[in-house]
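The numbering of the sequence shown is this note's numbering, which starts it at 48 and goes up by one. As C-alpha cells, the structure follows; a few thoughts come after it.
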Amino acid sequence: MAAKKKGETDATLGKELLHSMILQRRFEEKSAEAYALGKIGGFCHLYIGQEAVSSGIIPLLRPDDYMLTTYRDHGQALVRGVTPRAVMAELFGRIDGCSRGKGGSMHMFDRDVNFLGGHGIVAGHIPLAAGVAFAIKYRGGDQVVVCFMGEAAVNNGAFHEAMNMAGLWRLPVVYVIENNKYGMGTAVERASSIKDMYKRGDSYQVDNAVVDGQDVWAVREAAQEAIDRARKDYSPTLLEVRTYRYMGHSMSDAASGTYRTKEELDEYRTKRDPINLLSAQLIADKAIKEADIEAMEKDIAAIVQDSWDFADASPEPPIEALHEDVYVETTT
Ligand SMILES: Cc1ncc(C[n+]2csc(CCOP(=O)(O)OP(=O)(O)O)c2C)c(N)n1
C-alpha cells in the first residue's frame, strides 16, 4: 500500500484499513465468546480499541521485514498475514494453530510471514528485536524490524539495554510503544517518572515521535517516516502511539475497576473509537457507503465463523508432540 497523507482520502486504501480493523475487532469479540465457553484456556489478552496501531503500521512492512510483539498479539498476527484459521486454532490449543497449538494466545508465531512472536515476558522481546536488526545490518540487508511493546515495558531494564544498542549501533528497528495508559491496573502516571514515553529515545540518540493512536492515518504517516529512516539510513526510532484498550487487562479482569472510570472508557468508545472515526470520515468523504460497510461486516463475519469452525475441528496436539520443536535439529 502506498503512503497516505493525513487529510487525504484514498477510497481503496481507506477500505483496506477499515477491513483490517474490523476483522481484528470481530475476531477478538469471537475469541471472547470462545473463552467464555471454555474453548480457549490460559491467559487471553484482547487488543480491542487499539486496532489503528496494528492496521496503521504493519501493512507498511515488506514481506521480508520482521516484527515482534507482546502477548496482546492476535490482531497484529492477523494484520501481518497469519491466517484467521491459524490464529483461532492456536487460541484453541489445536495442532493447526500457527504455533502448533503449544503457544496459545500469548505466543503466536509464524516464520512464513516473519512474525517472530508473541512474547509473554514483559520487555523480554525488546533485545531480541535489536538482535534481529543487528543481523540484518551485519549481512548488509535493507529489511526493517518493527517491535511493539506496552508502555509498562519501558521501565524494564531490557528496554534500556536494547535502546542503547539500537542507538549506538544504528540498528534498522522501529520500536513502537503502545501507550494504552495502563499496565494491568496501574496508570502510567503512577508508574513512570517520565510521562512522555517517546522522550526516552533522547537518552540513546534514537529518533522519537508521538502520535494519536486512534487515528489510523496519523499512525500510518508517522510509521512510514520511521520505517523509511530504518531502511535507508540504518537509523532506529522510538514511536509512542497513544491508544486505549477497552477490555480488562486480560480475560480474567473486568473492563473497568478501581483504576479507571466507566466514564473514561465510554468517552473512548463513543468519541475516540478508531473504527468509528475512520468509517465516519470515509462516509463523509463519500469514499464508502453504509451498504459497503454492511457488506464488509458480512464478509468478515463469515471469515471469523470459518476460523472458529476450523479451529474446533482441528485435533489437539498428540502427547508425543510435547518435546517436539524444543531444540532445532542441526546437521553440525
Ligand atoms: C517481566 C514481567 N513482569 C511482570 C509480568 C506480569 N505482567 C503481565 S502484563 C503486565 C503489564 C504490562 O503492561 P503494558 O506493558 O503497558 O502492556 P499492556 O498489557 O497494557 O498491553 C505485567 C506487569 C510479566 N509478564 N513479565
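Ideal Cβ placement from N, Cα and C applies to all residues, glycine included.
Cβ-based burial, residue i [other Cβ within 10 Å; buried from 16]
i    : result
T117 : buried
L84  : exposed
D243 : exposed
L393 : Here the chain has residues from 48 to 379 only, and residue 393 is not among them.
I224 : buried
L369 : exposed
D143 : buried
S361 : buried
A213 : buried
T130 : buried
G88  : exposed
A133 : buried
A317 : Correcting the residue identity first, residue 317 is Thr in this sequence and not Ala. Exposed.
S78  : buried
T290 : buried
G140 : buried
DSSP state of residue i mapped onto helix, strand, coil
i    : result
I168 : coil
R319 : coil
R289 : strand
V258 : strand
M114 : strand
F162 : strand
T284 : strand
R217 : coil
R119 : coil
A50  : Residue placement at A50 is poorly supported in this model, since its pLDDT is 49, which falls under 50; the coordinates still yield a value, given next. Coil.
R307 : strand
D332 : coil
Contacting residues, own chain, Cβ-Cβ under 7 Å from residue i (five flanking each side not counted)
i   : result
E98 : M68, Q71, R72, G122, P321 and I322
Residues of its chain near residue i, where Cβ-Cβ distance is below 6 Å and the 5 sequence neighbours each way are ignored
i    : result
H92  : Y118, R119 and S297
A136 : D143, G144, A358 and S361
Task: Stretch pair the stretch 322 to 333 + the stretch 110 to 128: three plus CB contacts closer than 8 Å - done: The stretch 322 to 333, when compared against the stretch 110 to 128, does not touch it at the 8 Å Cβ threshold.
TODO: Could I get the ranges of all uninterrupted alpha helix (DSSP H) runs contained in the stretch 221 to 255, with 4 residues as the minimum, in chain order?
DONE: As far as the stretch 221 to 255 is concerned, its whole alpha helix (DSSP H) runs of at least 4 residues are 235 to 238.
Task: Length at least 4, wholly inside the stretch 171 to 196: the alpha helix (DSSP H) runs in chain order - done: Those alpha helix (DSSP H) runs which fall completely within the stretch 171 to 196 and span 4+ residues are 173 to 185.
- [ ] Decide if the stretch 171 to 189 is in contact with the stretch 143 to 153; the criterion is three or more beta carbon pairs, one per stretch, under 8 Å apart.
- [x] By the Cβ test, the stretch 171 to 189 is not in contact with the stretch 143 to 153, since fewer than three Cβ pairs between them sit closer than 8 Å.
Task: Residue ranges of each beta strand (DSSP E) within the stretch 58 to 115, 3 or longer - done: 113 to 115, all fully within the stretch 58 to 115.
- [ ] Please confirm if the stretch 151 to 159 is in contact with the stretch 195 to 213, defined as three or more CB-CB distances below 8 Å between the two stretches.
- [x] The answer is no - the stretch 195 to 213 does not touch the stretch 151 to 159, with fewer than three Cβ pairs under 8 Å.
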